[in-house]
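Residue numbers (our numbering): 13 to 93.
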């Protein structure tokens with residue numbers, strides 16, 4: 013929402029919420045609660061950090077959202093670039 017989804021129409025919100033190919037990741041309820049709505053600079057998984065960061069950035073790009081500088085730096089750091 014904070015990255016720009018507030019401006020979406022209902023159709024785009026539904027597409028995003030049900031996007032099994034890019035946006036939804038199976039995880040435990042504990043991890044889901046821990047992550048909540050945090051972005052890359054606020055939360056990263058304990059493993060496959062680069063893969064998670066890459067997927068996050070891809071979703072941001074595909075849905076034309078904003079990527080704050082802190083999140084871009086977190087993605088770069090998590091992937092060693």
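Just so you know, even glycine gets a beta-carbon here, dropped at the ideal spot from N, CA and C.
As the structure is a computational prediction, the values presented were derived from the model and not from experiment.
State the start and end residues of the unbroken alpha helix (DSSP H) segment that holds residue i.
i: residue 19; result: Taken as a continuous stretch (DSSP letters only), residue 19 belongs to no alpha helix (DSSP H), as it is neither H nor E.
i: residue 73; result: 61-74
i: residue 34; result: Premise fails: residue 34 is in no alpha helix (DSSP H) and is neither H nor E.
Count the other CB atoms within 10 Å of the CB of residue i; is the residue buried (16 or more) or exposed (fewer)?
i: residue 64; result: buried
i: residue 43; result: exposed
i: residue 36; result: exposed
i: residue 32; result: exposed
i: residue 73; result: exposed
Whole angstroms is fine: what's the gap from residue i's alpha carbon to residue j's?
i: residue 22; j: residue 29; result: 11 Å
i: residue 81; j: residue 75; result: 18 Å
i: residue 70; j: residue 41; result: 24 Å
Give every residue of the same chain whose Cβ lies closer than 7 Å to the Cβ of residue i, excluding the five residues on either side of it in the sequence, and list them in chain order.
i: residue 90; result: 56, 61, 62, 65
Going by beta carbon distance, what residues of the same chain come within less than 6 Å of residue i, once the five residues before and after it are set aside?
i: residue 83; result: 51, 52, 53
i: residue 16; result: 77, 78
With a CB to CB cut of under 8 Å and the five nearest residues on each side skipped, what residues in its chain are close to residue i?
i: residue 67; result: 34, 37
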